[in-house]
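Residue numbers (full-length UniProt numbering): 1 to 847.
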């Protein structure tokens, strides 16, 4: 039957307005019922920063995460899907300074705007668990966490050279410097010496690296690789060098202790304490030269200093080290290609076998000594090397002449007791020699550096430490938490190189908890990555004012089963969350060591191949798209555009076409005339087979993130159902109701408004989101006939229905008997026949 002439038209705006208040009243996604016995799933989207209204990137992220949450509910799970705001940080403070308002005003106005837009977008969040990290009820527990790390020796304060953003007037962690620039404002980052707070993440480097093995297959491979590279474990040896005129030894880390006999000079980082100490003990001329060079070096970023193609610079310090393996006296230089925070800030230079050292040696005329014969075989019998052989057959490749370091495998030479050994055997042997002499030991080092958490800005979590008049650091007692931020009235938030909180006299001045004498609060605030390192646990009970989270609730819900967010957080946020989780595990608060069991990264939403921006003139406003096409059409477009990890070019997709499809699906529900509860096991068999194939394949498609394929299958099912109504048994057929109900449940993952409306029109009570995904009937998955394709020279010439059990000979005979195939062959000779029963025959002809 067809729709009545007086039937209503599809009106997405009216449908949206109708269902929003109903869902608010029903609370279908609340997870606070202790009597709920369904198995649990925890689905989490990376929470947003409240910088304004939702944009197209949010639209993609929350559409994809919502598919997963809604799918697991349809599979019978009690799904926690919370939302909050990462609401501290520089953008709010800078916006407040620009507008002359309190950061709270800007932040919470934006939160309300985004909350309203998220509800309109129909993301299936449990709104009872909402939080914002700038709420004192949240950041109280940031301070609690800091104190726990401080008690464990993982939070400490030290003076060091730090990354300094001159624009935002605050320090940055290494991870927040991208290509030498501040990730927030894109200003060139400078080096500045300050005393700052750090979390000792390096104590967990091995676990952070090794535990990535647990995530293989459930996290994107490129994210795991990025994490491994950032941690950057290197295995080698610590070697102790005596320094003439210094009453202590200097330790150098090297991954190639086997080349120790080839060390001809030492290089120290000019911005290290060691360089300053060595220069101070040298001549006045060297001291001045060093001071000038240090000023020059501080103008370069770490990225520039590590550029292997950059011309090497350096100065001699007129000091000498003693090589512990052979007693040779080698000069010490300061050079910017060595970083203060790598190893111990000093390296032994082996120019024959390291290209950076060789470039430096050739520029400044330093000796080059070959200690690895890269022409010698590294397998088979070890050759006996004599002085005569070395004299008669010197290496034919001389780095001092070619300018290319010998980095390949080979046998040791010019290395005393190591001569003739392969690399691995030589490393093992030299470590034994160093340990026996007390001048070295096996060691590891990491690219990872301790997490610098101090920020010289107002809008963040105050650090819960009091500085006594005697210089002692005193933790704030837990019962005095939270230390809340003071009002901004009378405070100048303009960055000046130190925290504005230091000028809040009534706030910063406090009695010393030990004796009541005058003391001062620490004026710095915490890096906002602290806020997001554990927020997934606070969602378990965000309204509990007695504890950060309940370990019993963590045992029920955590870790997160599916995390969804951008790959831009592949290093920073994920690494810190993994670290804090391991600390909490060690403290006995959680029973797991990884916070996110599975990770899905979505791509970017572009326009005409470029990132959207006002300056490019290609900005697409989400609100405009929602007004024009409706929420469901935009959400469906995001899911249908391609694999989630791929970028979406909005110029290449069609929300208008998605809206037309949804209208077609909606009309089906008005054309169904059978009653709810009708026995499904009757009606159009072909349609029923298609429905049950959809029900069978759907879960696998969602769980493998092939959302676009599932949408395509929904489109095919809508077409088949419409055909059955218009040219088959009509809307009264039980198979038509079965198909339409399956479509409504399937659409509930992508287009919740139209799905809910269809479900109601089909005679059911809301909500379709909890209707349940029906199990496929296995008897309907057996195909009674299959369409076989008949080709000639790769072109389709005919199609025939055959049994799934058709034989090779039978299928070839059908092709030979096809008039269309015969006409296509004409009089040409047949060269080859390829038969792939039951689906394909291809006849290749000559000529």
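We put the beta carbon where it would ideally sit given N, CA and C, even for glycine.
- Per DSSP, the beta-bridge partners of residue 194 are 160.
- Annotation: residue 814 to residue 771 spans about 46 Å, alpha carbon to alpha carbon.
- In this structure, the CA atom of residue 416 is about 35 Å from the CA atom of residue 206.
- Restricting attention to 512, 497, 491, the CA atom closest to the CA of residue 473 is found in 512.
- When only Cα atoms are considered, residue 122 and residue 302 end up about 45 Å apart.
- Residue 24 carries a helical assignment under DSSP once its states are collapsed to helix, strand and coil.
- Each residue's CA atom was taken as its position, placing residue 411 and residue 160 some 41 Å apart.
- The three-state secondary structure of residue 65, taken from DSSP, is helix.
- Taken atom to atom, the span from the alpha-carbon of residue 684 to that of residue 714 is near 18 Å.
- By the neighbour-count criterion, in which a residue is buried when 16 or more other Cβ atoms sit within 10 angstroms of its Cβ, residue 746 is buried.
- For residue 739, the enclosing alpha helix (DSSP H) stretches over residues 734 to 747.
- DSSP places residue 715 within a helical segment (H, G or I) once states are collapsed to three.
- Taking the Cα positions, residue 251 is about 4 Å away from residue 240.
- By the Cβ rule, the region 351 to 364 counts as touching the region 400 to 409, because three or more pairs are nearer than 8 Å.
- Beyond the five residues adjoining it in sequence on each side, residue 678 comes within less than 7 Å, by CB distance, of 734, 737 in the same chain, given in chain order.
- Around the CB of residue 578, 16 or more other CB atoms lie within 10 Å, so the residue is classed as buried.
- Residue pairing from DSSP places residue 801 in a beta bridge opposite 787.
- Under the 8 Å Cβ criterion, the region 30 to 50 counts as touching the region 67 to 86, having at least three qualifying pairs.
- Assignment of beta strand (DSSP E) within the region 72 to 153, counting only whole runs of 3 or more residues, yields 78 to 80 in chain order.
- Considering only 217, 145, 236, 212, the residue with the shortest C-alpha distance to residue 229 is 212.
- Along the region 627 to 690, the beta strand (DSSP E) does not occur as any fully enclosed run of 3 or more residues.
- Between the alpha carbons of residue 690 and residue 717 lies a distance of about 7 Å.
- The way I'd put it, the region 218 to 228 doesn't touch the region 193 to 203; fewer than three beta-carbon pairs between them come closer than 8 Å.
- Taking a cut-off of 8 Å for Cβ pairs, the region 178 to 192 and the region 508 to 528 do not touch, as fewer than three such pairs fall below it.
- Excluding sequence positions up to five before and after residue 554, its CB lies within less than 7 Å of the CB of 537, 540, 590, all in the same chain and listed in chain order.
- By the beta-carbon neighbour count (other beta carbons within 10 angstroms, threshold 16), residue 41 is buried.
- Short of 7 Å from the beta carbon of residue 90, and not among the five residues preceding or following it, lie these beta carbons of its own chain, in chain order: 168, 184, 457.
- Residue 136 and residue 661 have their C-alpha atoms spaced approximately 47 Å apart.
- Here the alpha carbons of residue 45 and residue 655 stand approximately 23 Å from one another.
- With respect to residue 118, residue 620 sits apart: the two C-beta atoms are not nearer than 9 Å.
- Look at residue 757 here: in three-state DSSP terms it is helix.
- Between residue 600 and residue 576, the C-beta gap is not smaller than 9 Å, which leaves the two residues out of contact.
- Linking residue 780 to residue 682 through their CA atoms gives a straight-line distance of about 12 Å.
- The closest CA to that of residue 246, considering only 275, 22, 269, is found on 275.
- Close CB contacts of residue 829 within its chain, under the 8 Å cut and outside five residues either way in sequence, are with 845, 846, 847 (chain order).
- A check of alpha carbon separations from residue 759 across 669, 722, 687 identifies 669 as the nearest.
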